[in-house]
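Asker:
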Amino acid sequence: MSLVVADLRLTLRGTPLFAPVSFAVPSGAVMSVMGRSGIGKSSLLAAIAGHLDPQITCHGTIHLQGTDLACLPPERRQLGMIFQEPSLFPHLSLGDNLAFGLAAGGGREKRRAAIDAALESAGLAGMYGADPDTLSGGQKSRASLMRCLLSQPRALLMDEPFAALDMELRAEMRSFVFAHIRAHNIPAILVTHDPTDAEAANGPCITLHHI
Amino acid sequence: MKFKYLLSALCLFIAPPAMAQTWQETLDAARGQTVYWHAWGGDPRTNSYIDWVNEQMQARFGVTVAQVPLTDTAEAVTRVLSERAAGQDTGGAVDLIWINGPNFLAMKEQDLLFGPFVSRLPNARFVDLSPDAPASVDFTVPVEGMESPWRLAKFVFIHDSARVPNPPRTMADLLDWARANEGRFTHPDPSNFMGASFLKQALISLVDDPAALQRPVTEADYDALTAPLWAWYDALRPLMWRGGETFPENESIQARLMNDGEIDITMSFDPSYAAAAIGLGLLPDTARVFVPEGGTLGNISFVAIPYNAAHPEAAQVVADFLLSPEAQAHMQNIDNLGAFSVLDPARLDAEAAAFFADLPQSPALPDLADLGPTLLEPHASWMTAISEDWAARYAR
Amino acid sequence: MGRAARIMVWGCAGAILLGPILLGLWVSLRASLGVFPALGSVDLTLAPYRALMETPGIWAAMWLSLRTGLVASLISFGLAVTFVAQARGSRLLAPLLAPFLAIPHAAIALGLAFLIAPSGWIMRVIALPFDLQTPPDWPLVNDPAGLALILGLIIKETPFLIIVMAAALSQLPLTRHLRIGASLGYSRPQIWAYVILPQLYPLIRPPVMVVLAYGLSVVDMALILGPNTPPSFAVMVMRLFSAPDLALLMPAFAGAVVQVVLILFALLALIVLERLLAHFGRAALRRGIRRTITVPQPVMALPRLVMGMGLFSILCLGLWSITWRWPWPAPLPTTWSMRLWQSAEWQDALRVSLGIAGASVALSLILALLILEAHGRTARALTPLIYLPLLVPQIGFLFGVNSALLNIGVASGVGGVIWGHILFVCPYMLLLLMDPWRAIPRPLLHCAASLGAGPWRRFFAVKLPLMLRPICIAAAVGFGVSIAQYLPTLFLGGGRVASLTTEAVALASGGDRRITGVYGSLKAAVPLLAYLAAFLIPRTIWRNRRAMREGVV
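Chains as they are written, first to last, in the working numbering: chain S, 96 to 306; chain Z, 99 to 494; chain U, 9 to 561.
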């Protein structure tokens, strides 16, 4: 059992967003989170990742591989995040975006090789110097995922990562992402509106409700 | 608190030593110092002369002269006053001030000056320092060695001879001329030294008993003595440029008005101004100097050292250099500054006189003979009194 | 940023930005009531105020200041509205007008003084065709009514208000409201009066107040363009401060306090005017009268005329700087010369100005970034901090600061001047950085954090590069603000710090337009070059980054 959330409640100025949730996501599995718009699905991810809006308070516990995340700043939680909009840094080249993600250490050549390999596995071979703004939507999404995985996250949090893609690309992206999750053997949470996403994830599924 | 003690201790430490014993010791102490010379900055020729002084001082005495250009000499006086008000009795910002008249009186009365120091300057031997000499009396205030002369000033009018071939010969004539040439005459604002000097020149020409002006103003005789002045001025004012509602800030602005063709007559306290200004393209080539019959006011510009100056030794060395025949001749050269020398020709030895032998000439440069007699400056209180009275009468 | 760090940043910002102003005002207020221990005066008295009120021409000076400030602000506002109401694509305008903003008041004033003088450029051009032997004896500059000063202020403030309005308008559904209004049968001027302005005004009220306060207390421009018998109130107070007579010092402090009161009074007048206009506007709106109002073409052209005069003013400076003789009535100089540029005097002033501007912009930037980081997203609370230094008249507190500094043994000099500049540079930079800072896309920062980047790395590797463009623009504007400062340089520098501005104003009293032209051109050119750099640097660095270049972020 690797990502364990117990009795998690989020309150905005005293009002709870959704009924308390508890769940456990095993390594290599993708848990889907569904629920109406505005119920707090993204806030749930933010709470786990440590980016919660200061106006929202969080109760309950979050453990990742046995460590309590509550007292760690976001940069030390080692959680990868994927958003609907691929959040590549616009001021860095594609390769430097990946270098930003790659965990520190290793010589210059070794790091370069790791990035080139990641680019190749995302179908972006030889595009180290490319301007992120010139990439297609699918290319950006794959690059974001690779950047995320290069940081060796202990879990992956995805906020409607496929919503902006068309049907064909969506299926392709899904299998690309899920394959990498399995390969890295980490727990993942997928926030989505689309039941086919949950189906493809082939893992546990929870739905957030109002109290 | 601790910090404050530390600071005062530091101040004591860096405070200048008591007055140097010999001139050589002064020279030694001055080496490496920077003199902040607060001097009116509105005249580029003076500014570049001060630059020349700086070059010479650096080369000869290792002293740097930094001009602090002022729009009004009073700013430097205020500076020293506010330093004393704040208890800063050493290491002041002002080392040397170009000063005379009311500003000197104000500083002397309030004990804000360093000295007496003039008699110990080696080059003071070229100056006539006898008690009644112009260099010993500044606007009737005895100098008493508290300021050192550096340039001569004498009131002159300047006319554009192309437009005004026959300039007025007396103050009364000036009124008639203004009637015939409405809007073509003005004078600097009397809050400015030159403007106040114009009123003083008029007062001294129009008053029945000029000797009375040598005494400080009293309420008893002020009205009677100034009545002719104000009667004359009331008649003149509406005939002036802008109907006498607005006045140029100072004589440089007025010279510009003449250069622009807005007026025909300007004035200066520097007899060689016209010649120098023509050379600099600041006045028409046809500008010429004239003085009214009976003579004009004359005075000497001085430099003084504030009591809390950070570098009094270097300031004295500068004052001394300003009096050297070489510096005085360089100053009198119309290609440089063109200000008349304060040295007494009778006291110059052959070597010193040689510096003055070959100074260039110009048609706009008057001979000393053309300038007429020099009238004694009234007591400094007169200048203050008439410029305040003027402001009360005409500033709305 | 942690809570302790946040409190420390606030403490520092308060001490650096607000401290001197409050301290200076306090010293001024006490001294104006006779309490100035350094002079041995400790008893409360109204004597300084009585002495002030007895100064000849004091009431005329106050009335003149109020009148010029109010009239110039109202006309500038009207012209700015006229301009934005007819301009399409006001987004495109900002980069064109912003350089205008960078040119200091004194430079515009110096050029304008020659442009419109009776013997000035305009008159010289028409002198030959109209056969003018001598220039007309008209009070066109330094006129007793202060019209030249008003014109100078309008030239400087109109572009500022246009930029502010254009930015505010982009937040409003302008096109939609214009269409709705038109479909209901109202003419364009009516829609602007009834619908757009009531929405626009609350957004631009603080800058309008800054313009009013500035117009009322400006010193350098008033020295150059304003009347001198009597001068404007701020100039009069400055003369009292620099008078040789120590007895005038406390009345000068009284004048400093009165200057603050004058501004409060003018702001009150503005608020009354706002209310009145709102009331009558609403009443007119309720009557529902549709009227076709056509603004006459000449009125529509006025804003452009005003900006044209500004351009020609700067051109005058450049022309004079390469002139040797230009006698009346020649339309162009008769003898040209580069002699004044070759003399080295201006180089020192330029170096001083560049050094002070560089230091104050760098320190202001650090301070502004700290404040923005400490403040997170609730930057609105910064507004009073930003506007206080811009609303309080400089003459009201600077001399007080100076005597307070001298009292604790800090001699005036470059350090004090830099501090004095930061007081005004930092607020302008904050003003320009606040919105872009709030607009940094959160997901990018969350991503960076999740990738293991701590606060420092997020700041230096993500935020700063993303903010390069706004930072460059803010720095350029800050540069211009610093170059323009007159009173802080003069007072806090003890008169020893000779910057382009203090030299230019001092030389303006010397009457040689050619030297003034050199300094004035430099004063205009330096901020323009800074602005050009701010425009080019991000473009060069991001030449391979489309999103950064086009300012999508």
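From the three backbone atoms N, C-alpha and C, an ideal C-beta is built for every residue, glycine too.
(1) Is the Cβ of residue 175 of chain S closer than 8 Å to any Cβ of chain U?
(2) Going by C-alpha distance, which of Z:129, Z:240, Z:349 is nearest residue 157 of chain Z?
(3) Going by other Cβ atoms of all chains shown within 10 Å of its Cβ, with 16 needed for buried, is residue 231 of chain S buried or exposed?
(4) Quick one: is residue 410 of chain U buried, meaning 16 or more other Cβ sit within 10 Å of its Cβ, or exposed?
(5) Can a CB atom of chain C be found closer than 8 Å to the CB of residue 229 of chain S?
(6) How far does the beta strand (DSSP E) with residue 397 of chain Z in it reach, from first residue to last?
(7) Taking 8 Å as the threshold, find out whether the stretch 135-152 of chain S comes into contact with the stretch 187-206 of chain S through three or more Cβ pairs.
(8) So, helix, strand or coil for residue 251 of chain U, using DSSP?
(9) Determine the contact status of residue 362 of chain Z and residue 254 of chain Z, defining contact as a CB-CB distance below 8 Å.
(10) Starting from residue 251 of chain U, find everything on chain Z with Cβ-Cβ shorter than 7 Å and list it in chain order.
(11) Judging by CA-CA distance, which residue of Z:260, Z:143, Z:416, Z:427 is the nearest neighbour of residue 246 of chain Z?
(12) Which residues, in order along the stretch 365-381 of chain Z, keep a beta-carbon less than 7 Å from a beta-carbon of chain U?
(13) For residue 425 of chain U, which option in U:398, U:216, U:509 has the closest C-alpha, if you only look at C-alpha atoms?
(14) Return the CA-CA distance between residue 157 of chain U and residue 399 of chain Z, expressed in angstroms with no decimal places.
(15) Please classify residue 229 of chain Z: does DSSP put it in a helix, a strand, or coil?
(16) Here's the rule: buried if 16 or more other CB atoms are within 10 angstroms of the residue's CB, otherwise exposed. What is residue 237 of chain Z?
(17) What does DSSP give as the partner residues of residue 253 of chain S in its beta bridges?
(18) With a threshold of 8 Å, are at least 3 pairs of Cβ atoms found where one atom belongs to the stretch 172-188 of chain S and the other to the stretch 249-261 of chain S?
(19) For the beta strand (DSSP E) that residue 129 of chain S lies in, which residues bound it at each end?
(20) What would DSSP say about residue 154 of chain U, mapped onto helix, strand or coil?
(21) What does the Cβ neighbour count give for residue 552 of chain U, buried or exposed, with the cut at 16 atoms within 10 Å?
(22) Which of the three DSSP states is assigned to residue 310 of chain Z in this structure?
(23) Looking at chain U, is there any beta carbon in it that lies within less than 8 Å of the beta carbon of residue 255 of chain Z?
(24) Does chain U have any CB closer than 8 Å to the CB of residue 136 of chain Z?
(25) When burial is assigned at 16 or more other CB atoms within 10 Å of the CB, is residue 263 of chain S buried or exposed?
(26) With residue 291 of chain Z as the anchor, note down where its alpha helix (DSSP H) starts and where it stops.
(27) Using a beta-carbon distance below 8 Å, is residue 563 of chain U in contact with chain S?
(28) Answer with yes or no whether the minimum CB distance from residue 350 of chain Z to chain U is below 8 Å.
(29) Using 8 Å as the threshold, is the C-beta distance between residue 380 of chain Z and residue 353 of chain Z below it?
(30) Quick one, which of U:303, U:191, U:116 has its alpha-carbon nearest residue 314 of chain U's?
(31) Using a 10 Å radius around the Cβ and a threshold of 16 neighbouring Cβ atoms, would you call residue 166 of chain S buried or exposed?
(32) Sorted by chain position, which residues of the same chain lie with C-beta nearer than 7 Å to residue 174 of chain Z's C-beta, five sequence neighbours on each side aside?
(33) Could you tell me which chain Z residues have their CB closer than 7 Å to the CB of residue 145 of chain U, listed as they occur along the chain?
(34) Taking the alpha carbon of residue 231 of chain U as the point to measure from, which residue in U:539, U:549, U:547, U:519 has its own alpha carbon closest?
(35) Indicate whether at least one CB of chain U lies closer than 8 Å to the CB of residue 426 of chain Z.
(36) So residue 261 of chain Z is in the alpha helix (DSSP H); what residue range does that whole segment cover?
Answerer: Let me lay it out:
(1) Here the question's residue 175 of chain S lines up with position 80 in the first sequence. Yes, contact with chain U.
(2) In the second sequence, the residue the question calls residue 157 of chain Z occupies position 59. Among Z:129, Z:240, Z:349, the Cα nearest to that of residue 157 of chain Z is on Z:129.
(3) The sequence position of residue 231 of chain S within the first sequence is 136, counting from 1. Burial call: exposed.
(4) Residue 410 of chain U sits at position 402 when you count from the first residue of the third sequence. Residue 410 of chain U comes out buried.
(5) In summary, chain C is missing from the structure at hand, where the protein chains are S, Z and U.
(6) Position 299 of the second sequence, counting from 1, holds the residue named residue 397 of chain Z. Residue 397 of chain Z -> beta strand (DSSP E) spans 394-402.
(7) no
(8) In the third sequence, residue 251 of chain U corresponds to position 243, counting from 1. Of the three classes helix, strand and coil, the one that applies to residue 251 of chain U here is coil, per DSSP.
(9) Position 264 of the second sequence, counted from the start, is the residue given in the question as residue 362 of chain Z. Position 156 of the second sequence, counted from the start, is the residue given in the question as residue 254 of chain Z. For residue 362 of chain Z and residue 254 of chain Z, no; Cβs fall outside 8 Å.
(10) As a working note, residue 251 of chain U is residue 243 in the third sequence. Those within 7 Å of residue 251 of chain U in chain Z are 172, 176.
(11) For this step, residue 246 of chain Z is matched to residue 148 along the second sequence. Cα-wise, what sits closest to residue 246 of chain Z is Z:416.
(12) 379, 380
(13) Taking the first residue of the third sequence as 1, we reach residue 425 of chain U at position 417. Per the Cα distances, U:509.
(14) As a working mapping, residue 157 of chain U is identified with position 149 in the third sequence. As a working mapping, residue 399 of chain Z is identified with position 301 in the second sequence. If you take the alpha carbons of residue 157 of chain U and residue 399 of chain Z, they lie about 35 Å apart.
(15) Position 131 of the second sequence, counting from 1, holds the residue named residue 229 of chain Z. Here residue 229 of chain Z sits in coil by DSSP.
(16) Here residue 237 of chain Z is taken as the residue at index 139 of the second sequence, counted from 1. The residue is buried, with at least 16 neighbouring Cβ atoms inside 10 Å.
(17) Indexing the first sequence from 1 puts residue 253 of chain S at position 158. In the DSSP output, where bridge partners are listed per residue, residue 253 of chain S has S:177, S:285.
(18) yes
(19) The sequence position of residue 129 of chain S within the first sequence is 34, counting from 1. Residue 129 of chain S -> beta strand (DSSP E) spans 125-129.
(20) By one-based count along the third sequence, residue 154 of chain U stands at place 146. Looking at residue 154 of chain U - three-state DSSP - the assignment turns out to be coil, as it is neither helix nor strand.
(21) Looking up residue 552 of chain U in the third sequence gives position 544. Residue 552 of chain U should be labelled exposed.
(22) In the second sequence, residue 310 of chain Z corresponds to position 212, counting from 1. Note: residue 310 of chain Z maps to helix in three-state DSSP.
(23) Within the second sequence, numbered from 1, the residue matching residue 255 of chain Z stands at position 157. No, residue 255 of chain Z does not count as interfacial toward chain U.
(24) Your numbering for residue 136 of chain Z matches position 38 in the second sequence. Yes, contact with chain U.
(25) If you number the first sequence from 1, residue 263 of chain S lands on position 168. Exposed is the call here.
(26) Working through the second sequence from its first residue, we reach residue 291 of chain Z at position 193. According to the DSSP assignment, residue 291 of chain Z belongs to the alpha helix (DSSP H) that extends over 291-304.
(27) Within the shown structure, residues of chain U are numbered from 9 to 561, placing residue 563 of chain U beyond reach of any answer.
(28) Residue numbering aside, residue 350 of chain Z sits at position 252 when the second sequence is read from its first letter. Cβ-Cβ to chain U under 8 Å: yes for residue 350 of chain Z.
(29) Here the question's residue 380 of chain Z lines up with position 282 in the second sequence. Here the question's residue 353 of chain Z lines up with position 255 in the second sequence. Yes, the pair counts as a contact, with Cβ atoms nearer than the cut-off.
(30) Sequence index remark: in the third sequence, residue 314 of chain U carries index 306 (1-based). Here the closest residue by C-alpha is U:116.
(31) Here residue 166 of chain S corresponds to residue number 71 of the first sequence, with the count starting at 1. Classification of residue 166 of chain S: exposed, given that the 10 Å Cβ count is below 16.
(32) Position 76 of the second sequence, counted from the first residue, corresponds to residue 174 of chain Z. Result list for residue 174 of chain Z: 136, 168, 192, 195, in chain order.
(33) Here residue 145 of chain U refers to the residue found at position 137 when the third sequence is read from its first residue. In chain order: 281, 339, 340.
(34) Position 223 of the third sequence, counted from the start, is the residue given in the question as residue 231 of chain U. Checking every option, the nearest Cα to that of residue 231 of chain U belongs to U:519.
(35) Taking the second sequence and counting its residues from 1, the one referred to as residue 426 of chain Z is at position 328. With 8 Å as the cut-off, residue 426 of chain Z does not count as an interface residue toward chain U.
(36) Mapped onto the second sequence, residue 261 of chain Z falls at position 163. That residue, residue 261 of chain Z, is in no alpha helix (DSSP H); it is neither H nor E in DSSP.
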